[in-house]
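Asks: Sharing a structure, written as structure tokens. Questions coming.
Number of protein chains: 2
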Amino acid sequence: MKRPTIADIAALAGVSKGAVSYALNGQRGVSETTRRRILAIAEEIGFNPHSAARALSGAAADTIGLALRRPARVLGFEPFYMELISGVEAELSARGQALMLQIVADADAEIDVYRRWWGERRVDGVLVCDLRVGDPRIAVVTDLRLPAVVVGGPDGVDDVPHVWNDDAVAVIETVEYLAALGHRQIARVAGLPDLWHTRIRASAFRGACERLGVRHALTVGTDYSGEEGARATRRLLSGEHRPTAVIYDNDVMAIAGLGVAQEMGLTVPGDLSIVAFDDSPLCRLVHPALTALTRDIPAYGALAARHLLAAIAGQPVGSVEAPTAKLVPRASTARPNTAT
Amino acid sequence: MKRPTIADIAALAGVSKGAVSYALNGQRGVSETTRRRILAIAEEIGFNPHSAARALSGAAADTIGLALRRPARVLGFEPFYMELISGVEAELSARGQALMLQIVADADAEIDVYRRWWGERRVDGVLVCDLRVGDPRIAVVTDLRLPAVVVGGPDGVDDVPHVWNDDAVAVIETVEYLAALGHRQIARVAGLPDLWHTRIRASAFRGACERLGVRHALTVGTDYSGEEGARATRRLLSGEHRPTAVIYDNDVMAIAGLGVAQEMGLTVPGDLSIVAFDDSPLCRLVHPALTALTRDIPAYGALAARHLLAAIAGQPVGSVEAPTAKLVPRASTARPNTAT
DNA sequence: CCGAGCTGCTGAACCGGATAAGTAAAATTG
DNA sequence: CAATTTTACTTATCCGGTTCAGCAGCTCGG
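Same order as they appear, the protein sequences are chains V and L. For the first sequence, position 179 matches number 179 in the UniProt record's numbering, and the numbering has no gaps at all. For the second sequence, position 205 matches number 205 in the UniProt record's numbering, and the numbering has no gaps at all.
As structure tokens, then:
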């Protein structure tokens, strides 16, 4: 049994292909009686319009693209992306849009993917994540006139629409909180240094520490993986100026750091306070529960998706700020045991 | 500047559209000289074939679909899917195939997605995950003649090709190991009861416990979330016949369980041994590190993808077994403190 | 040296929808 | 009631590829 086409419906209804097309798309040009008859037949034989045929007649692909550039090892257990995708999906499926996903190895591969998707008209637009310093992708999407929304910013995004969080405010709030508790040696386990948001957080951290008289022991860069988070923690805790508090750039590293502290015989929060950037249920479930900077990541993804769809529809969209991450104090932060 | 088409190339090269098509697709029918000239022009003007036009002429969509039916809350932080997707992606992108992803709320929505994808010819086939008892999706893909590979089984999959792990063997190995350590009260925190693999694990667990004289305290069903894993653990540890070892159906619940044990003042592994089904870096990073049943999930995904592509290509594919999960003993399992 | 077979191309049909243009009949208008 | 507009269609064309049939011109065997 072949897949039904409008020609089949036309034959069954005794009308022309054109009439069927009008009827199915709610265009005027057919009587209400005929429309109903055609719709009934379409329903009965299980008709679905061939997306390619539609696309060929100039329709949109009704698909947006998302290329993620992280090694499988990191992606696998970092909740951020999955939550982001959930949010994006929720928005898209409510509007009959599909999501095309591709995991890429490096920047060149990602750019190739954009070119191909656009050239083959597979997607109407893309979400660009993990904005880097001097990111070549901005120029590519601009050149291609490929509708895009950057998830990140506000620095480093020229005129491309973007949705962003004010990470600086979140970092400052955290440092102020830790300083108020009495911490004077705060370290930071940061993510990839060439990501814009890492840079933004770093500069906010430096500024807040200086202002509050915190001798921040060290900032250690990582690739966001738990392994590197653990290694960075070992280094910090074995060093000369052992910090009394550590801020981790994601939840996975924070949990790994907690494990290291326990392994080294330090009590949390007595000997070491821990704060995680980004909250996941695990932060609540480990013992002690981790103080975290929470944000609604699915909502963030949904916002980005909504914006991309607006951009695709040709509406003027600019920069939109999502709610800042909120500090949720839990059991992993307290006054330090030893006053400096 | 309009998107270039083969007609543009034909005009520039002074040949017909047909010749260009032959040249680009490596068909015979053009001389080597002409082919090279055409390819050069195509390269220069940045030509990409319009995927819809191709698809309309009967070509494949070069896309496979994956619909996931888990609430965002669970998906977000369960590493399994992201790792699976990474593996699927690795295989697909190496072969120029794309992945269409959709997160759905329930079985009906998932079936609708399959129907639509197939009707609109958006995908060439689908991966079916989370096989349930009496799963209606099997009948749907069979009816539609939609090429599909089930990730799961071997029970409950009629004649649909599938890739599977022998979870029973893994569970038995684990129970034998715990029994050999001296455990006689082993509990199990299980996943969703209507998933086939939960059922398979449950029956293997029961069998092994009976054979080895283990009075398994209790099996508690959950939705795989950390919250429920924590709650189940509290229930087990507060009950009358407190288990000396617990097997968790995923890593997230195992980590949550570890947190609960610590919160209740029990030492791990002294008072309680913990085993996680599925390993993630976090299992190695918490303290104590968790004994886990490891399997290479990206490889599992890649295998499934490879199989689906073979099925789409019309090759006869049947059931394929992926390597069984291996027990990796770490610090969370030991002899129980108190001999029963 | 002539027909058969091959090479290298052209022209046109085709895939399945969308849509502009054309047309006959019905409804409205003056 | 004739003229005009509207309704309800049909016909034809287009989108951008693929592919089949056709057709020169060349090569080659007998």
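Glycine included, every Cβ here is placed at the ideal spot set by N, Cα and C.
List the residues of chain L that V:L56 touches, going by C-beta distances under 9 Å, in chain order.
Replies: Start at 1 with the first residue of the first sequence, and residue 56 of chain V comes out as number 56. Ordered by position in chain L, the residues that pass the 9 Å Cβ test against V:L56 are H50, A52, A53, A55 and L56.
Asks: Helix, strand or coil for L:E173 per DSSP?
Replies: Walking along the second sequence from the start, residue 173 of chain L turns up at place 173. It is helical.
Asks: Tell me the DSSP secondary structure of V:Y114 in three-state form.
Replies: Against the first sequence, residue 114 of chain V aligns to sequence position 114. Correct three-state label for V:Y114: helix.
Asks: Mapping the DSSP letters down to three states, classify V:Q27 as helix, strand or coil.
Replies: Reading the first sequence from its first residue, position 27 is the one you call residue 27 of chain V. DSSP places V:Q27 in coil when its eight states are reduced to three.
Asks: State the beta-bridge partners of L:I297 as determined by DSSP.
Replies: Locating residue 297 of chain L in the second sequence gives position 297, counting from the first residue. Answer is none; L:I297 lacks a bridge partner.
Asks: Comparing alpha-carbon positions, which option in V:R35, V:G46, V:E78 and V:S319 lies nearest V:V252?
Replies: Translated into the one-based positions of the first sequence, residue 252 of chain V becomes position 252. Nearest C-alpha to V:V252: V:E78.
Asks: Whole angstroms is fine: what's the gap from V:S31's alpha carbon to V:L92's?
Replies: Translated into the one-based positions of the first sequence, residue 31 of chain V becomes position 31. Translated into the one-based positions of the first sequence, residue 92 of chain V becomes position 92. Cα to Cα, V:S31 sits roughly 33 Å from V:L92.
Asks: Would you check if the distance between the CB atom of L:L148 and the CB atom of L:V128 is smaller than 9 Å?
Replies: By one-based count along the second sequence, residue 148 of chain L stands at place 148. By one-based count along the second sequence, residue 128 of chain L stands at place 128. The residue you asked about is not Leu; residue 148 of chain L is Ala in the sequence shown. Yes, they are a contact pair.
Asks: Taking a Cβ distance cut-off of 9 Å, strictly less, list which residues of the stretch 109-140 of chain L are near chain V, in chain order.
Replies: Cβ contacts with chain V come from A109, V113, R115, R116, W117, W118, G119, E120, R121 and R122.
Asks: So, for V:V157: in the same chain, excluding its five sequence neighbours on each side, which residues have a beta-carbon less than 6 Å away from its beta-carbon?
Replies: By 1-based counting over the first sequence, the position of residue 157 of chain V is 157. The answer, listed in chain order, is V150.
Asks: Could you spell out the range, first to last residue, of the alpha helix (DSSP H) harbouring V:E83?
Replies: Here residue 83 of chain V refers to the residue found at position 83 of the first sequence. P79 to A94 is the extent of the alpha helix (DSSP H) around V:E83.
Asks: For L:I103, return the contacting residues in chain V, with the cut-off set at a CB-CB distance below 8 Å.
Replies: Start at 1 with the first residue of the second sequence, and residue 103 of chain L comes out as number 103. Those are I85, S86, E89, A90 and S93, listed as they occur along chain V.
Asks: At a Cβ cut of 7 Å, what residues of the stretch 280-296 of chain V count as close to chain L, listed as they run along the chain?
Replies: For the stretch 280-296 of chain V, which is checked against every Cβ of chain L, the residues closer than 7 Å are S280, P281, L282, L285, V286 and H287.
Asks: Could you tell me whether the Cβ of V:I312 comes closer than 9 Å to any Cβ of chain L?
Replies: As a position in the first sequence, residue 312 of chain V is number 312, starting the count at 1. No, its Cβ sits nowhere closer than 9 Å to a Cβ of chain L.
Asks: Taking Cβ-Cβ distances shorter than 8 Å, what residues in chain V pair up with L:G226?
Replies: Residue numbering aside, residue 226 of chain L sits at position 226 when the second sequence is read from its first letter. Correct list: P281, L282, R284 and L285.
Asks: Report yes if the C-beta distance between V:V220 and V:L236 is below 9 Å; otherwise report no.
Replies: In the first sequence, residue 220 of chain V corresponds to position 220, counting from 1. In the first sequence, residue 236 of chain V corresponds to position 236, counting from 1. Taking 9 Å as the Cβ cut-off, V:V220 and V:L236 qualify as a contacting pair.
Asks: Report the rounded CA-to-CA distance for V:A105 versus V:L68, giving the unit in angstroms.
Replies: As a position in the first sequence, residue 105 of chain V is number 105, starting the count at 1. As a position in the first sequence, residue 68 of chain V is number 68, starting the count at 1. Their Cα atoms are separated by approximately 8 Å.
Asks: Okay, do the stretch 260-271 of chain V and the stretch 57-65 of chain V touch, 3+ Cβ pairs below 8 Å being the bar?
Replies: The answer is no - the stretch 57-65 of chain V does not touch the stretch 260-271 of chain V, with fewer than three Cβ pairs under 8 Å.
Asks: Express the C-alpha separation of V:L293 and V:T210 in angstroms, rounding to a whole number.
Replies: Here residue 210 of chain V refers to the residue found at position 210 when the first sequence is read from its first residue. Here residue 293 of chain V refers to the residue found at position 293 when the first sequence is read from its first residue. What sits at residue 210 of chain V in the sequence shown is Glu, not Thr. One C-alpha to the other measures close to 21 Å.
Asks: Run through the DSSP bridge pairs and tell me what L:T291 is partnered with.
Replies: As a working note, residue 291 of chain L is residue 291 in the second sequence. In the DSSP output, where bridge partners are listed per residue, L:T291 has L:V275.
Asks: For V:P193 and L:A94, what's the separation of their Cα atoms in angstroms?
Replies: On the first sequence, position 193 is the one that residue 193 of chain V refers to. On the second sequence, position 94 is the one that residue 94 of chain L refers to. Distance between the alpha carbons of V:P193 and L:A94 is about 29 Å.
Asks: In the DSSP assignment, what are the bridge partners of L:L195?
Replies: Walking along the second sequence from the start, residue 195 of chain L turns up at place 195. Per DSSP, L:R132.
Asks: Check whether the stretch 4-23 of chain V and the stretch 33-41 of chain V are in contact - that is, three or more C-beta pairs closer than 8 Å.
Replies: Yes, the stretch 4-23 of chain V touches the stretch 33-41 of chain V.
Asks: Which residues share a DSSP beta bridge with L:V220?
Replies: Your numbering for residue 220 of chain L matches position 220 in the second sequence. Answer is L:V189.
Asks: Less than 9 Å separating the beta-carbons of V:P281 and V:R330?
Replies: Here residue 281 of chain V refers to the residue found at position 281 when the first sequence is read from its first residue. Here residue 330 of chain V refers to the residue found at position 330 when the first sequence is read from its first residue. No, Cβ-Cβ distance for V:P281 and V:R330 is not below 9 Å.
Asks: Can you tell me whether V:S21 is helix, strand or coil according to DSSP?
Replies: As a working mapping, residue 21 of chain V is identified with position 21 in the first sequence. Reduced to three states, the DSSP call for V:S21 is helix.
Asks: Any beta carbon from chain V within less than 9 Å of L:A258's own beta carbon?
Replies: Here the question's residue 258 of chain L lines up with position 258 in the second sequence. Here residue 258 of chain L turns out to be Leu, not Ala, going by the sequence shown. So, interface residue.
Asks: Could you have a look at L:E321 and say whether DSSP puts it in helix, strand or coil?
Replies: By one-based count along the second sequence, residue 321 of chain L stands at place 321. DSSP places L:E321 in strand when its eight states are reduced to three.
Asks: Looking at the structure shown, is V:L258 part of a helix, part of a strand, or coil, going by DSSP?
Replies: Counting from one through the first sequence, the residue named residue 258 of chain V turns up at place 258. Here V:L258 sits in helix by DSSP.
Asks: Does the structure place the stretch 47-55 of chain V close enough to the stretch 41-56 of chain L that three or more beta carbon pairs sit under 8 Å?
Replies: Yes, the stretch 41-56 of chain L touches the stretch 47-55 of chain V.
Asks: Less than 6 Å between C-beta atoms, sequence neighbours within five positions excluded: which residues of the same chain meet that for L:D296?
Replies: Here residue 296 of chain L is taken as the residue at index 296 of the second sequence, counted from 1. Here the set comprises nothing.
Asks: So the beta strand (DSSP E) V:A245 belongs to, where does it begin and stop?
Replies: Here the question's residue 245 of chain V lines up with position 245 in the first sequence. Its beta strand (DSSP E) spans residues A245 to Y248.
Asks: Quick one: list the residues of chain L neighbouring V:E263, beta-carbon separation under 7 Å, in chain order.
Replies: Taking the first residue of the first sequence as position 1, residue 263 of chain V is located at position 263. What V:E263 touches in chain L: H287.
Asks: Beta-carbon of L:I38 versus every beta-carbon of chain V: anything under 9 Å?
Replies: Counting from one through the second sequence, the residue named residue 38 of chain L turns up at place 38. Judged by the 9 Å Cβ criterion, L:I38 is not in contact with chain V.
Asks: So, using beta-carbon positions, are V:L308 and V:G125 closer together than 9 Å?
Replies: Residue 308 of chain V sits at position 308 when you count from the first residue of the first sequence. Residue 125 of chain V sits at position 125 when you count from the first residue of the first sequence. It is a contact, given that the beta carbons lie within the stated cut-off.
Asks: Using only the alpha-carbon positions, how far apart do V:P136 and V:L290 sit?
Replies: The residue you call residue 136 of chain V lines up with position 136 of the first sequence. The residue you call residue 290 of chain V lines up with position 290 of the first sequence. Taking the straight line from one Cα to the other gives about 37 Å.
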